[in-house]
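From first to last, the protein sequence lines are chains D and V.
The first sequence begins at 1 in the numbering used here and counts up by one.
The second sequence begins at 1001 in the numbering used here and counts up by one.
This report concerns only the one structure given below.
There are 2 protein chains.
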Amino acid sequence: MNMMPSRTANREVEAPSSLVVEFGRDRPLVTDAGVELSPFCIAYQTYGRLNAERSNAILVCHALTGDQHVANANPLTGKPGWWTSLVGPGKPVDTDRFFVICSNVLGGCMGTTGPASRDPATGRPYALDMPMVTIRDMVNAQAMLMDHLGIATLFCVVGGSMGGMQVLQWAASYPARVFSAMPVATAARHSSQNIAFHEVGRQAVMADPDWCKGRYLDEGRHPGKGLAVARMAAHITYLSEQALQRKFGRKLQERAAPTFSFDADFQIENYLRHQGLSFVDRFDANSYLYVTRACDYFDLAADHGGQLALAFKGSKTRFCVVSFSSDWLYPTSASRAIVHALNAGGAPVSFVDIETDRGHDAFLIDDPEFNATARGFLEGCARMRGLPQE
Amino acid sequence: MNMMPSRTANREVEAPSSLVVEFGRDRPLVTDAGVELSPFCIAYQTYGRLNAERSNAILVCHALTGDQHVANANPLTGKPGWWTSLVGPGKPVDTDRFFVICSNVLGGCMGTTGPASRDPATGRPYALDMPMVTIRDMVNAQAMLMDHLGIATLFCVVGGSMGGMQVLQWAASYPARVFSAMPVATAARHSSQNIAFHEVGRQAVMADPDWCKGRYLDEGRHPGKGLAVARMAAHITYLSEQALQRKFGRKLQERAAPTFSFDADFQIENYLRHQGLSFVDRFDANSYLYVTRACDYFDLAADHGGQLALAFKGSKTRFCVVSFSSDWLYPTSASRAIVHALNAGGAPVSFVDIETDRGHDAFLIDDPEFNATARGFLEGCARMRGLPQE
């Protein structure tokens, strides 16, 4: 037993600045791996008001390293919410009109149970004793949260990247509970290249001796160097080659000539190092392992005998699939495959591929075409749903 | 002073199984960084026979982690030479006809002076005291080797990837010494994304505590974990998304179902881990830092007032530029930029973009179209050069 003073996990793990619901021993979550997770917590934020008919709820699903702070200042970083371009008063996901919910995913580190949370069996952080979670486990936990909030049917489920995978899983697992769905910059399965990049990130974390086979919190250590390398590698995949060239090119960092050394001569190096360092201050290394693994296991077609169309067969959910032309992480072709499956399954779907050079992260950026797409789609669905017009 | 028993560098560093020329104190190399490197060694292989006119010499330039063993078994790994599809008796670069030379680059770890070599000033390995080297430094060193061999003019300079950069630099620095040139799967400058991936690799190496600020050989340690992560990340860039999908897809590694763990469930994970592990047995970590940095500094246009065409102005060298359609590391557009500059500079050039889904590493693979292109180009140049016909 280790009696070293513990380096504490970030305060949001055990005492989140969010609403929290704890599902007790009577409400276990049986995971895809066949483990009963119990008790467990979900930390979440809400914006706006649920109407009397309970028909105006929108669930926003966050991406890999996102969190529930979609439209409020982040309690750890102090920065604005991560999707304020889309969500807020008067925004396409209008919090004056809709009741918006965003919960931290299972396996996360912002208050929902994850590997940094205390394992009730031992009193120590779970670390790798946390059961593996899948996208479906995340969605099943969210469904329990919706039950808790008394929301039978979501007006819409919206999310980008790993958030988009949750949208697709919601539509497949709970078609009657999803009136409309907007999967953005995502894929119905992780490709070999997607898995490869995630594996590099995990190996970078696990190569850090401060990772301590996952027990770094018990040991009062922090695998920040490995996690920073993982983040740097991942960050390249979030931007297009053209965007990097336009933004940084070969520009030098505050110097007139190269130093002929391993200093960050180039702005792109400085930028990446900064991305790595700022990430490790806010994210748990084991959580990174868990959420990347959840994505890797995601393959919606495989869950339906290899036919993606069967995942959406007879679905009445209205879909709006959005991709970005320069996204090479989850490319337009991956969204097109989703659209084909929805068409084959007979589900109503519109598809917008937004022309941009900004790569995968375009979905997080204030883009007029994306905003107009989301606004138009939600407006049309609101009319069909009989929500009061603006 | 460290008196620990030294973990020796690989035996090829100090006692290469190659020809070696040492340039003494009277023949220093003044590097781009303004340092006099002296003495220094170049280790090289040759194949075939130099003709009486000394007009049939082909210099092959190797890529980032390649070496001089282009067409013979590698003394470290026992594997066949790295370009036996192109170079050998009866092959496009026909060693029955041409005198083929390949030298280990400056900064390498196979016998040419690099960071694992003994610093004559201290008797210890150079480590980071090795002066930074550039692509031009590598080429200047090769030019000294050509002088040593009595070769005034090369019939052809051939190379892919970083080897292609050397080809371009040869043509720019020594136009009169290069009768023909074949830059393959390369670029005239490192893009922001190229630098970004290299920087991730370097940070992975330097994050490894066994790197010891570069002094791992003195300390008897080996930053293998960091170097393996660097190699894994780089390896993804050598293959196309389509090739990965075709070769590995989401296939599981010798198991019927996922383990819901961090084991290498997927074949692609197993493959990448193997790539990382086998690399660290043969390559020096500091050498990896140096050669990646040399690529990052490469920008042939910048050396000519920002105009690439000026690098080739009035060149009489005959060029054959080859790219591969699915290469996203040095994409077809980068080769096209070279071709445009050659056209603008008035140099004779042919350009072949080979349709393949195999990505950057396609240049190392036995490809009928690439072989035919190389054979045809060399045949035409041989006729112009007045070499005896086959």
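Here a beta-carbon is modelled for each residue, glycine too, at the ideal position from N, C-alpha and C.
Applying the 10 Å Cβ sphere with the 16-neighbour rule, what's the burial state of residue i?
i: Gly1214(V); result: buried
i: Asp366(D); result: exposed
i: Ala1204(V); result: buried
i: Pro1331(V); result: buried
i: Glu199(D); result: buried
i: Thr1134(V); result: buried
i: His1069(V); result: buried
i: Met384(D); result: exposed
i: Gly88(D); result: buried
i: His190(D); result: buried
i: Ala1121(V); result: exposed
i: His62(D); result: buried
i: Ala1374(V); result: buried
i: Val1030(V); result: exposed
i: Glu369(D); result: exposed
i: Lys1251(V); result: exposed
i: Pro5(D); result: Because the pLDDT at Pro5(D) is just 39, under 50, the model does not fix this residue reliably, and the value given afterwards should be weighed accordingly. It counts as exposed.
i: Ser1117(V); result: buried
i: Ala1311(V); result: buried
i: Ala176(D); result: exposed
i: Ala43(D); result: buried
i: Gln142(D); result: buried
i: Lys225(D); result: buried
i: Gln404(D); result: Any question about residue 404(D) goes unanswered here, given that chain D covers just 1 to 390.
Report the three-state DSSP secondary structure of residue i (helix, strand or coil).
i: Gln1389(V); result: coil
i: Ala374(D); result: helix
i: Gly88(D); result: strand
i: Val93(D); result: strand
i: Asp1299(V); result: strand
i: Gln68(D); result: coil
i: Ile1101(V); result: strand
i: Ser1006(V); result: Low confidence applies here, because Ser1006(V) scores a pLDDT of 44, under 50, leaving its location unreliable; read the following figure in that light. Note: Ser1006(V) maps to coil in three-state DSSP.
i: Gln307(D); result: coil
i: Pro1331(V); result: coil
i: Glu1379(V); result: helix
i: Met1384(V); result: helix
i: Phe279(D); result: helix
i: Met1001(V); result: Annotation note: pLDDT 34 at Met1001(V) (below 50); position unreliable, coordinate value reported separately. If DSSP states are grouped into helix, strand and coil, Met1001(V) belongs with coil.
i: Asp1361(V); result: helix
i: Ser287(D); result: helix
i: Ala1341(V); result: helix
i: Ala347(D); result: coil
i: Thr1317(V); result: coil
What residues match up with residue i in a beta bridge as DSSP calls it?
i: Val322(D); result: Val184(D) and Val352(D)
i: Pro115(D); result: Pro115(D) is not bridged to any residue.
i: Pro125(D); result: Arg118(D)
*Would you list, in sequence order, the uninterrupted beta strand (DSSP E) runs of no fewer than 3 residues that lie entirely inside the stretch 1192-1271 of chain V?*
With a minimum length of 3 residues, no continuous beta strand (DSSP E) run stays inside the stretch 1192-1271 of chain V.
*Only counting runs of 4 or more residues, tell me where the alpha helix (DSSP H) segments fall wholly within the stretch 128-194 of chain D, in order along the chain.*
Counting whole runs of 4 or more residues, the stretch 128-194 of chain D contains the alpha helix (DSSP H) stretches 135-149 and 162-173.
*Would you list, in chain order, the members of the stretch 1302-1323 of chain V that have their beta-carbon closer than 7 Å to a beta-carbon of chain D?*
Per Cβ criterion, the list is empty.
*With 8 Å as the limit, tell me which residues of the stretch 1183-1195 of chain V have their beta carbon closer than that to any beta carbon of chain D; keep them in chain order.*
Against chain D - using a Cβ distance shorter than 8 Å - the residues of the stretch 1183-1195 of chain V are Arg1189, His1190, Ser1191, Ser1192, Gln1193 and Ile1195.
*asked:* Taking beta-carbon pairs under 8 Å, can you tell me which members of the stretch 196-220 of chain D lie near chain V?
replied: Against chain V - using a Cβ distance shorter than 8 Å - the residues of the stretch 196-220 of chain D are Ala196, Phe197, Glu199, Val200, Arg202, Gln203, Ala204, Met206, Ala207, Asp208 and Pro209.
*Anything in the stretch 1261-1272 of chain V with a Cβ closer than 9 Å to a Cβ of chain D? List those residues in chain order, please.*
Result list: Ser1261, Phe1262, Ala1264, Asp1265, Phe1266, Gln1267, Ile1268, Glu1269, Tyr1271 and Leu1272.
*Which runs of the alpha helix (DSSP H) spanning at least 4 residues fall entirely within the stretch 5-80 of chain D, listed in chain order?*
DSSP runs (the alpha helix (DSSP H)) wholly in the stretch 5-80 of chain D: 11-14.
*chain V contacts made by the stretch 281-293 of chain D, where a contact means CB separation under 8 Å*: Those residues of the stretch 281-293 of chain D that come within reach of chain V (Cβ to Cβ, closer than 8 Å) are Leu289 and Arg293.
*asked:* Give me the subset of the stretch 1232-1260 of chain V whose CB atoms are less than 7 Å from a CB atom of chain D, sorted by chain position.
replied: So the list reads Met1232, Ala1233, Ile1236, Glu1241, Leu1244, Gln1245, Phe1248, Gly1249, Arg1250, Pro1258 and Phe1260, given in the order they occur along the chain.
*Using a Cβ cut-off of 9 Å, which residues of the stretch 1021-1038 of chain V contact any Cβ in chain D, in chain order?*
The stretch 1021-1038 of chain V vs chain D, Cβ under 9 Å: Thr1031, Asp1032, Ala1033, Gly1034 and Val1035.
*With 9 Å as the limit, tell me which residues of the stretch 1043-1054 of chain V have their beta carbon closer than that to any beta carbon of chain D; keep them in chain order.*
Answer set for the stretch 1043-1054 of chain V: empty.
*May I ask you to list, following chain order, the residues of the stretch 1120-1153 of chain V that have a beta carbon less than 7 Å from some beta carbon of chain D?*
So the list reads Met1132, given in the order they occur along the chain.
*asked:* Please list, in chain order, the residues of the stretch 1160-1176 of chain V that have any C-beta partner in chain D closer than 8 Å.
replied: So nothing in the stretch comes that close.
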